[in-house]
Amino acid sequence: MITEQTSQIAFNKQVASRVFLMGLKSPEMRAAAVPGQFVMIRVRQAMDPLLRRPFSICRADGDLILVLYRVVGRGTEILSEMRQGDSLDVMGPLGRGFGHPPDGRRAILTAGGMGIAPLLFLGDSVGFLGCNLLAGFASSDQVIGPDRVGLLNVEMSVATDDGTLGRQGTVADLMEEHLSHMDPEPGMVFACGPIPMLKAIAAIAMRRDIPCQVSLETTMACGLGACQGCAVKASGRRDRSYWHVCREGPVFDARDLDWGAL
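Sequence positions in the sequence shown follow my numbering and run 17 to 278.
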């Protein structure tokens, strides 16, 4: 059930270069949230900035929902300056989340940059022992590991663009490497990150006929499908021309998207 409420900030701490982790008190949202869903936050009560910002839920812990965010503009700059005890207007949980991997089959979780957020929630929900967590970042100072959000003893394979940590290359390179050693192949691939990364991951999965779910990151104004601002072109497989990322997504079967139009 979607809730709009004033939520108190339990903590707001920096966990990587210009990346923050915020804990929001909301027993109702915590109970309702599933991996892959998001919340829309109004960063101030004043009308400036006007629009809410969407943030993936990266963990549900006790009576808290946790969100990861990178400071990229005025809205997130304001958010980064907020302190424990401050309150925010929060709406959620919103959208369609991830499905569960098939029983008895390993899953591959692939993340690019801030796309790590919903996959940490997914891995925590289904159990990391049944998953391979692969993540790509620009550099070592951008890496957000599971330990940064309180998930301990979770292994993550890392690729960085500049080679300062893990393998030099992309998360798609990591996935190809892991698949070459996996027998049997995974039952499902889950992905979240920038569009070029998602295209590469989806292409690998579809070429190998491995089911793949992707979570799209896009600009949203309302979070409810009313403004039409987050529409993406559908593949036509399900007799649809467009999908609303906020309502029918953000998680989609990779086969249901027109990758050439993204």
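We put the beta carbon where it would ideally sit given N, CA and C, even for glycine.
Item, Value
"Going by DSSP, name the residue or residues bridged to A247.", "H260"
"Rank A242, Q244 and Q229 by C-alpha distance to the C-alpha of L273 and give the top, closest one.", "Q229"
"Classify R34 as helix, strand or coil using the three-state DSSP reduction.", "coil"
"How is the beta strand (DSSP E) around L125 delimited, first residue to last?", "A123 to G128"
"Within the same chain, show all residues whose beta-carbon is closer than 7 Å to that of V159, passing over the 5 residues directly before and after it, in chain order.", "A32, F153, V174 and L181"
"Taking Cβ to Cβ, would you say S75 is nearer than 8 Å to I57?", "The identity of residue 75 in the sequence shown is Arg, whereas the question assumes Ser. The answer is no: Cβ separation not under 8 Å."
"For K41, which residues of its own chain have a beta-carbon under 7 Å away from its beta-carbon, when the five flanking residues on both sides are left out?", "S23, Q24, A26, D79 and L80"
"Does the beta-carbon of P134 have 16 or more other beta-carbons within 10 angstroms, so that it is buried, or is it exposed?", "buried"
"Using 10 angstroms around the beta-carbon of A207, count the other beta-carbons present and answer buried if the total reaches 16, otherwise exposed.", "buried"
"I'd like to know whether the C-beta atoms of A188 and A151 end up nearer to each other than 8 Å.", "no"
"Should H197 be labelled buried (16 or more other beta-carbon atoms within 10 Å of its own) or exposed?", "exposed"
"What did DSSP end up calling M107 once you bin it into helix, strand or coil?", "strand"
"Output the distance between the C-alpha atoms of C243 and G89, rounded to the nearest integer angstrom.", "22 Å"
"Pick from E201, S72, R223 and D105: whose alpha carbon is nearest that of R60?", "D105"
"What runs of the alpha helix (DSSP H), each 4 residues or longer, lie entirely inside the segment 39 to 118?", "43 to 48 and 90 to 96"
"Using the Cα positions of L167 and P212, report the straight-line distance between them to the nearest angstrom.", "28 Å"
"Return the CA-CA distance between A221 and R99, expressed in angstroms with no decimal places.", "42 Å"
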